[in-house]
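To start, the structure under review is shown below, and the notes come after it.
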Amino acid sequence: MLFGRLPIGWLQLTHSKGRLAAAITGVAFANVLVFVQLGLASSISTATLRPYDFFNVDIMISAQDANALTEGDNVARQWMFQALADPDVIAATPVYIGMMNWQQSDQTLGLLAFGIDPNSDGFLSPDLQRKLAPLRLQNGAIIDMNTR
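Residue numbers for the sequence shown, in this note's numbering: 22 to 169.
And the structure:
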C-alpha cells in the first residue's frame with residue numbers, strides 16, 4: 022500500500038503488462054515526434070534567418086510582394102535615394118540577390134548569391150569585412166564555409 026491507501030491507479034496500470042507497455046511506448050513515441058517537430062521548426066527558422074546575419078544593417082528595404090530575402094520583384098533605386106534623404110539615415114547601398122548554379126565535380130548545386138559594392142564599408146558583418154580582398158578583384162567571390 023502506498024501512503025496507507027489502496028493505489029487504484031497503480032493497480033490499473035500494472036494489471037495488464039502488455040497494455041502498460043503499449044501505453045508507455047505510445048507516450049514515448051508522441052514525445053519523440055514532438056521533439057522532431059521542434060527540431061525541424063528550429064532548423065527552418067535558422068536557415069531562413071541565416072542570410073540576414075551577413076549584413077550589419079538596421080533596416081532593409083524590400084519589395085512589397087516579398088516574404089523572404091529571395092522573393093519579390095526588384096526594388097527601384099529611387100527608394101534607396103528616398104531613404105537617404107532622411108537625416109537619420111547615414112548610408113545606404115544596393116544589394117543584389119539571386120540564385121546561381123555551381124558546378125562541383127559531378128553535381129550542380131544551387132547557391133544563393135549576394136552582390137554588394139565591396140567599397141561600401143560597414144554594411145557587411147565584421148567576419149565578412151575581414152575577407153573583402155577577393156571581392157575587390159574582377160570575378161572575385163567569397164563562398165561560405167558552411168555551404169554544402
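All C-beta atoms in this analysis are idealised placements derived from N, C-alpha and C, irrespective of residue type, glycine included.
Buried/exposed call for residue i, threshold 16 Cβ in 10 Å
i, result
"residue 53", "exposed"
C-beta contact flag for residue i and residue j at 7 Å
i, j, result
"residue 75", "residue 141", "no"
"residue 112", "residue 101", "no"
"residue 104", "residue 94", "no"
"residue 164", "residue 155", "no"
"residue 72", "residue 90", "yes"
"residue 132", "residue 123", "yes"
"residue 96", "residue 80", "no"
Terminal residues of the alpha helix (DSSP H) in which residue i lies
i, result
"residue 53", "38–70"
"residue 101", "98–105"
"residue 148", "147–150"
Nearest-angstrom Cα separation, counted from residue j out to residue i
i, j, result
"residue 150", "residue 57", "37 Å"
"residue 34", "residue 25", "19 Å"
"residue 110", "residue 99", "15 Å"
"residue 161", "residue 46", "56 Å"
"residue 22", "residue 39", "Low local confidence applies: a pLDDT of 47 at residue 22 is under 50, so the model's placement there is unreliable, with the coordinate-based value given in what follows. Cα to Cα, residue 22 sits roughly 23 Å from residue 39."
"residue 158", "residue 48", "59 Å"
"residue 135", "residue 106", "25 Å"
"residue 152", "residue 115", "19 Å"
"residue 65", "residue 88", "15 Å"
First and last residue of the uninterrupted beta strand (DSSP E) at residue i
i, result
"residue 125", "116–125"
"residue 128", "128–137"
Determine, using beta-carbon pairs with one atom in the stretch 40–56 and one in the stretch 110–119, whether at least three such pairs fall under 8 Å.
-> no
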